[in-house]
Amino acid sequence: MNLTVAVVGSGSWGTAVAALTAANTDTVLWARNPEIAEAVNLRHENPVYLAGSMLPSSLRATASLEEAVTGADIIVMGVPSHGFRAVLEQARPHLRPGRLGALPVVSLSKGIEQGTLQRMTEVVLEVLDGHPSERVGVLTGPNLAKEIVAGQPAAAVIGMADDAIATMLQQVFMSPTFRVYTNPDVIGCETAGALKNVVAIAAGMAHGLGYGDNAKAALITRGLAELTRLGVAVGGQPLTFAGLAGMGDLVATCISEQSRNRMVGIELGRGRTLADIVADMRMVAEGVKTTSAVLELAARLGLEMPIAEQVGAVLYGGRSPSEVVKNLMLRSAKPEQHGIGRPS
Numbered sequence: 019m020n021l022t023v024a025v026v027g028s029g030s031w032g033t034a035v036a037a038l039t040a041a042n043t044d045t046v047l048w049a050r051n052p053e054i055a056e057a058v059n060l061r062h063e064n065p066v067y068l069a070g071s072m073l074p075s076s077l078r079a080t081a082s083l084e085e086a087v088t089g090a091d092i093i094v095m096g097v098p099s100h101g102f103r104a105v106l107e108q109a110r111p112h113l114r115p116g117r118l119g120a121l122p123v124v125s126l127s128k129g130i131e132q133g134t135l136q137r138m139t140e141v142v143l144e145v146l147d148g149h150p151s152e153r154v155g156v157l158t159g160p161n162l163a164k165e166i167v168a169g170q171p172a173a174a175v176i177g178m179a180d181d182a183i184a185t186m187l188q189q190v191f192m193s194p195t196f197r198v199y200t201n202p203d204v205i206g207c208e209t210a211g212a213l214k215n216v217v218a219i220a221a222g223m224a225h226g227l228g229y230g231d232n233a234k235a236a237l238i239t240r241g242l243a244e245l246t247r248l249g250v251a252v253g254g255q256p257l258t259f260a261g262l263a264g265m266g267d268l269v270a271t272c273i274s275e276q277s278r279n280r281m282v283g284i285e286l287g288r289g290r291t292l293a294d295i296v297a298d299m300r301m302v303a304e305g306v307k308t309t310s311a312v313l314e315l316a317a318r319l320g321l322e323m324p325i326a327e328q329v330g331a332v333l334y335g336g337r338s339p340s341e342v343v344k345n346l347m348l349r350s351a352k353p354e355q356h357g358i359g360r361p362s
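Under our numbering, the first residue of the sequence shown is numbered 19, with each subsequent residue one higher.
This is how it looks when you write it as structure tokens:
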């Protein structure tokens, strides 16, 4: 069955995913910027977010959201969390059941909505009232867009409750160099993807302060415990956080020079202000906004999130990175497994 995929959002990851699906089936990419759409169609390149990376000639792009989603069989939302709801609301009047019946909707966003504290799949179900929840999911994992477009080996996981649709999507996204697994734990997959950005900012701060590999390894490991604690508290499965959506994505985001969240942390560690850092960025670092939502969610659940708390103190409280590292090191000693997988 030749399916039509609509990828909504032409950032680096949305474009990379569109390149993957275009190799397997008919794909159209929606770009808010008409110049990006034109460049994809004429030069097979996204000059703003993936300059120098060649895209499949079969990939079509449009600046019309209506044109992109009308007639689509699969909707892939590659819009950052702060604009996700508004774009989906604009698309909603043009969505119709496709050849698969009710549209599978896959989120690429790794964030939590401000105010509502909703995951993006929850936003989808609220905007598309009555849509079957088992057909709403997430594609996540250690996925750095430039490497994937370049054909370097990578893996991801589709979190979706409908096993038959997840297996079908597996084939839509997979390539000889991009291996895709399935996981019915949508909550765990999605929560891990959002929370790892907060830890990545902390890892970046450690690097910017000049700390060595021991410190970074300790921070990443304790960060994994922290995101597992919150993820399980909201309904995720513990094993999910040891997989591609959890540990895999966390490691990639905390160590890669391509990681936007890590870069924000590095610059903070070097003494720059958050306002100056964000002003220089073309792409979104989800962790900057997600941290406040994570802290609010943790407070609601009565959970201890020391790394997230200290990242928030730097982002929103004017504290220095060196000061918050000291605060983390001077915390009272606990057993290693304290609070993992249960409220603490």
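Just so you know, even glycine gets a beta-carbon here, dropped at the ideal spot from N, CA and C.
Computed from a predicted model, the values in this text were never measured in an experiment.
Item	Value
Helix, strand or coil at N20 [DSSP, three-state]	coil
DSSP three-state assignment for V35, whether helix, strand or coil	helix
Cα-Cα separation, V198 to I295	34 Å
Contact under 7 Å by Cβ, L135 with A311	yes
Backbone CA spacing between G70 and I92 [nearest angstrom]	28 Å
Limits of the alpha helix (DSSP H) - the one that F259 falls within	F259 -> no alpha helix (DSSP H), and no H or E assigned at all.
CB contact flag (V175, V329, <7 Å)	no
Same chain, Cβ closer than 6 Å to L146, five either side skipped, listed in chain order	none
Spatial distance of G148 from A236 (CA atoms)	44 Å
Cα-Cα separation between K234 and G96, rounded to whole angstroms	30 Å
Backbone secondary structure at T43 - three-state DSSP	coil
Residues near L106 in its chain [Cβ-Cβ closer than 6 Å; skip 5 each side]	V145
Whole-angstrom distance between H62 and T308, CA atom to CA atom	33 Å
Classification of G133 by the beta-carbon crowding that lies within 10 angstroms, buried from 16 upward	exposed
G208 and R137 closer than 7 Å at C-beta	Here residue 208 turns out to be Glu, not Gly, going by the sequence shown. Their beta carbons are under 7 Å apart, which means E208 touches R137 by this criterion.
Top-ranked residue by Cα proximity to L162, from E56, A24, G266 and G27	G266
Which of helix, strand or coil DSSP assigns to S340	helix
Buried or exposed (CB count within 10 angstroms, at least 16 for buried), V343	buried
Paired residues, beta bridge with L157 - DSSP	I176
Three or more C-beta pairs below 8 Å linking the region 49-63 and the region 72-82	yes
Ordered list of beta strand (DSSP E) runs contained in the region 166-213, each at least 3 residues	172-177 and 196-201
The ligand ADP heavy atom lying under 6 Å from the CB of A37	You won't find the ligand ADP in this model; it holds no ligand whatsoever.
Where M95 sits in the DSSP three-state scheme	strand
Buried versus exposed call for S75 [16 or more other C-beta atoms within 10 Å across all chains shown]	exposed
Identity of the residues DSSP links to N64 by a beta bridge	L68
Beta-carbon spacing of A173, I166 below 7 Å	no
Contact the region 315-328 vs the region 238-251: 3+ CB pairs below 8 Å	yes
Residue burial classification, T185 (beta-carbon count within 10 angstroms, cutoff 16)	exposed
Residue from G29, A168 and F196 whose Cα sits closest to the Cα of M299	G29
Local Cβ density within 10 Å of E285, reported as buried at 16 or more and exposed below that	buried
Straight-line gap, P160 to G335 (C-alpha atoms, nearest Å)	30 Å
Distance between beta carbons of V156 and S193, contact taken as under 8 Å	Not confirmed; about 19 Å, so no contact.
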